[in-house]
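K.L.:
Supplied in C-alpha cells, the structure appears directly below.
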Amino acid sequence: MNGAQDLGGMHGFGPVEPEPDEPVFHAAWERQSFALTLAMGFTGQWNIDASRHARESLPPAEYLSSSYYRIWARGLETLLLERGLVSEEELAGGKSLNNAGKIARILMAPDVQKVLAHGGPAERETNSKPVFAEGAHVRAINMNPAGHTRLPRYVRGKRGIVERIHGHHVFPDANARGDGECPRWLYSVRFEAGELWGPDGRSSDAVFVDLWESYLNAE
Amino acid sequence: MAHDHSHDHDEGSALSDTALRVRALESLLVEKGYVEPEALDALIDIYEHKVGPRNGAAVVAKAWSDPDYYARLMDDATAAIAELDFTGRQGEHMVVVENTPDTHNMVVCTLCSCYPWPVLGLPPVWYKSPPYRSRAVSDPRGVLADFGVSLPDGTAVRVWDSTAEVRYLVLPMRPDGTEGWSEEDLAALVTRDAMIGTGLSLTPDQAAAAAAE
C-alpha cells in the first residue's frame, strides 16, 4: 500500500539525530509493547507480513508522528480486534469482559530461548528454477495495490540488474492477506542512483533492493 | 531481570496516553491468558541485556583474523555466524557486505525496521525513524555527513534496502596499525554504526581515547 511507511526518497524529515546514550527501551511501555508483540506473534493468530500490514495501515499522520514502539502497540491492537480476540471496550478498560478466544499456542518462559533461536525462516523448498540469472537486466513492475507489498514506490518502473539470487521465499503480498505463503524466487536487484533519482543521484552510487520474481519483468 | 508489571516507575507520575493504553493492553492479554508474564520478562531481558552489537563485533573481528572464516562468512553468512551461536529471529537469512577502499556499504529498511537482531540487537530509534529511512537511499552521503562521516571521492556507496527477510551486516575495513592484534582487541574497534554502515571502525588512537573517557 502507498502508506506512510513507504518512506524511501521522501524529503523534509530533517537530519538523522542519534541519541547520546541510546537506551534499548525508553520506558516501561516500550518494553511491554515489544514483548507483547513478540509473544502474541508466537500464538500463530497472524504472520509477520500481516503484522507489518497492520502497522503500515495506521493513518499516515499518526504513523509519522508515532515512535516505533507506539506503532507496534497500535498494530497489535488492530490485529487483536480484527481476530476478535479483544473488543474496543476491553482495550479501553484493560479488563476482560468476554470469554477469551481460542489460542493454539502460548509462549511460555522456558521455551523463549529456543523459540528465538529457531526464528522464522522464510525460505521454502521448490522444484522450480529462478527465471532470472545473476546479471540479468530487469525492470520493476509498476503497481499500486491497496494491500501489503514490499515493492517500494521509489523502484517501481525502474531498471536494474540482478545482483544475487537469495532463494525461494514466502511472498509477503499474499501471506499478509491470508492467501497462503505462495513462495517465489527472491533476488537482490541493483538500481543505479541515476536511474532512481535522475540528476539528483550520484553516478557512482547504487541501491540494492530485495525483490520477488513477480515484481520483475525482463528488460 | 525483575520486571515490574504494576508500576511505570521510569515515567514519573504523569503517564502518557500511550503508556496507559499499553499497560491496559498487557493487563488484558494476561487476564485473557494469551500471554504469560514470565515469558514477557524473558523476552525483555534477552534483548535489553544479552543480545547486542558485541555479537556482530565478534563476527567482524574473526573475519579480520581468520581467512578461512572470512571465506565462509562471505559464502554463507548465516552458517558462519551460527558458528558463533548467533542465530534465529531476524537473522534467519544473513548476508555480509564488505567495505573496501572503493566501496562503502550502508543498510536501511525504508519500509519498516528490519535489522539483524542476533548480531546487532534491537535497532536504535534513528534507524526506525523517517529521517534515516527516507534519505538513506536517495542521499546516503548526506546521511553519512549527519554521522560525521565523509568518504573519499573515489569511494562508491552501495545502499542495501532490507525489503525481504534477508538481513545485512556490513564488514567494515580493518583499521591500519592493528597487525597481530587479538580478536578481542580488534572487536573493541568495531562499532555498531560501522556494521550498519553509518560509521567506520575505530582507529587504535580513537579506541584508546574512548577508553580513557
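If you read the protein sequences in the order shown, they are chains B and X.
The first sequence begins at 478 in the numbering used here and counts up by one.
The second sequence begins at 635 in the numbering used here and counts up by one.
We put the beta carbon where it would ideally sit given N, CA and C, even for glycine.
So is B:K579 in contact with chain X if we call contact Cβ pairs under 8 Å?
P.N.:
Chain X, which has no Cβ nearer than 8 Å to the Cβ of B:K579, makes this no.
K.L.:
Whole beta strand (DSSP E) runs in the segment 715-767 of chain X with 3 or more residues, listed along the chain?
P.N.:
Listed in chain order, the complete beta strand (DSSP E) runs (minimum 3 residues) inside the segment 715-767 of chain X are 727-732 and 737-742.
K.L.:
Using a C-beta to C-beta distance shorter than 8 Å, which residues of chain B count as neighbours of X:D795?
P.N.:
Here the neighbours are G485, P629, V684, F685, V686 and D687.
K.L.:
B:W674 CB to nearest chain X CB: under 8 Å?
P.N.:
Judged by the 8 Å Cβ criterion, B:W674 is in contact with chain X.
K.L.:
Please list, in chain order, all residues of the same chain as X:T825 whose beta carbon is under 6 Å from its beta carbon, the five residues on each side excluded.
P.N.:
Correct list, in chain order: G833.
K.L.:
At a CB-CB cut-off below 9 Å, which residues of chain X make contact with B:E539?
P.N.:
The contacting residues do not exist; B:E539 stays about 11 Å from chain X at best.
K.L.:
If you draw a straight line from the alpha carbon of B:A594 to that of X:A714, how long is it in whole angstroms?
P.N.:
Going by the C-alpha atoms only, they are around 15 Å apart.
K.L.:
Cutting at 6 Å between CB atoms, please list the residues of its own chain near B:N652, excluding the five before and the five after it.
P.N.:
Within the same chain, B:N652 has close Cβ partners N524, D526 and E658.
K.L.:
Unbroken alpha helix (DSSP H) runs of length 4 or more, entirely within the segment 671-704 of chain X: which are they?
P.N.:
Runs of the alpha helix (DSSP H) inside the segment 671-704 of chain X: 671-679 and 687-699.
K.L.:
Using the beta-carbon of each residue, which ones in chain B are nearer than 9 Å to X:S772?
P.N.:
By Cβ distance, chain B contributes G485, G486, M487, H488, Y631, A670, L673, W674, D677, G678 and V684.
K.L.:
Is any beta-carbon of chain B found at less than 8 Å from that of X:L785?
P.N.:
Cβ-Cβ to chain B under 8 Å: no for X:L785.
K.L.:
At a Cβ cut of 9 Å, what residues of the segment 645-673 of chain X count as close to chain B, listed as they run along the chain?
P.N.:
Listed by position along the chain: E645, L649, S650, T652, A653, L654, R655, V656, R657, A658, L659, E660, S661, L662, L663, E665, K666, G667, Y668, V669, E670, P671, E672 and A673.
K.L.:
My output table needs one value for B:F668: the three-state DSSP class, helix, strand or coil.
P.N.:
Three-state DSSP puts B:F668 in a strand.
K.L.:
Just the chain X side, please: which residues come within less than 9 Å of B:V639 by C-beta, in chain order?
P.N.:
The premise fails here: B:V639 is roughly 14 Å from chain X at the closest Cβ pair, so nothing lies under 9 Å.
K.L.:
Pull the bridge partners of B:E600 from the DSSP assignment, please.
P.N.:
For B:E600, which the question treats as bridged, DSSP gives the partners B:H646.
K.L.:
Which residues in chain X have a C-beta closer than 7 Å to the C-beta of B:W506? List them in chain order.
P.N.:
Under the 7 Å cutoff, chain X gives D642, T652, A653, V656 and R657.
K.L.:
Below 8 Å, how does it come out for the segment 597-608 of chain B and the segment 681-695 of chain X: are there three or more Cβ pairs, yes or no?
P.N.:
They do not touch, by the three-pair rule.
K.L.:
Report buried or exposed for B:L513, applying the criterion of at least 16 other Cβ atoms within 10 angstroms of its Cβ.
P.N.:
Buried, since its Cβ has 16 or more Cβ neighbours within 10 Å.
K.L.:
List the residues that DSSP assigns as beta-bridge partners of X:D819.
P.N.:
None, per the DSSP bridge assignment.
K.L.:
Determine the chain B residues that contact X:T825 at a beta-carbon separation under 8 Å, and present them in chain order.
P.N.:
By Cβ distance, chain B contributes nothing, its closest Cβ being about 12 Å from X:T825, past 8 Å.
K.L.:
Can you give the Cα-Cα distance for B:L688 and B:L628, rounded to whole angstroms?
P.N.:
About 7 Å.
K.L.:
Please check if any C-beta of chain X sits within less than 8 Å of the C-beta of B:P598.
P.N.:
Interface residue, yes.
K.L.:
Please name the residue in X:P757, X:D710 and X:R808 whose C-alpha comes closest to that of X:S699.
P.N.:
Of the candidates X:P757, X:D710 and X:R808, the one whose C-alpha sits nearest the C-alpha of X:S699 is X:R808.
K.L.:
Give me, in chain order, the residues of the same chain whose beta-carbon lies closer than 8 Å to that of X:E645; leave out the 5 immediate sequence neighbours on both sides.
P.N.:
With a pLDDT of only 46 at X:E645, under the threshold of 50, the placement of this residue in the model should not be trusted; the figure read from the coordinates follows. Closer than 8 Å at Cβ, skipping near neighbours: A653.
K.L.:
Should X:R688 be flagged as near chain B, meaning a C-beta pair shorter than 8 Å?
P.N.:
So, not an interface residue.
K.L.:
Can you tell which of B:E611, B:G571, B:V563 and B:Y545 has the C-alpha that lies nearest to the C-alpha of X:C748?
P.N.:
Closest option to X:C748, Cα to Cα, is B:Y545.
K.L.:
Can you give me the Cβ contacts of B:A516 inside the same chain, cut-off strictly under 7 Å, excluding the 5 residues immediately before and after it?
P.N.:
Correct list, in chain order: L584.
K.L.:
Taking 8 Å as the threshold (beta carbon to beta carbon), is B:A699 in contact with chain X?
P.N.:
Not covered by the structure: residue 699 of chain B. The range shown for chain B is 478 to 696.
K.L.:
Does the contact criterion of 3 or more C-beta pairs under 8 Å hold for the segment 723-731 of chain X versus the segment 790-805 of chain X?
P.N.:
The segment 723-731 of chain X is in contact with the segment 790-805 of chain X.
K.L.:
Identify which residue in B:G491, B:H614, B:G571 and B:R547 has its Cα closest to the Cα of X:E660.
P.N.:
That would be B:G571, whose Cα lies nearest to the Cα of X:E660.
K.L.:
Quick check: what's the CA-CA separation for B:W674 versus B:Y664?
P.N.:
Whole-angstrom Cα-Cα distance: 22 Å.
K.L.:
Got a sec: is the Cβ-Cβ distance from B:A512 to anything in chain X below 8 Å?
P.N.:
For B:A512, the answer is yes, since a Cβ of chain X falls inside 8 Å of its Cβ.
K.L.:
Taking CB distances under 8 Å as the criterion, tell me whether B:A516 reaches chain X.
P.N.:
For B:A516, the answer is yes, since a Cβ of chain X falls inside 8 Å of its Cβ.
K.L.:
Can you have a look at X:H641 and say buried or exposed, based on whether 16 or more other CB atoms are within 10 angstroms of its CB?
P.N.:
The predicted model places X:H641 with a pLDDT of 42, which falls under 50 and marks its position as unreliable, so this point remains unresolved.
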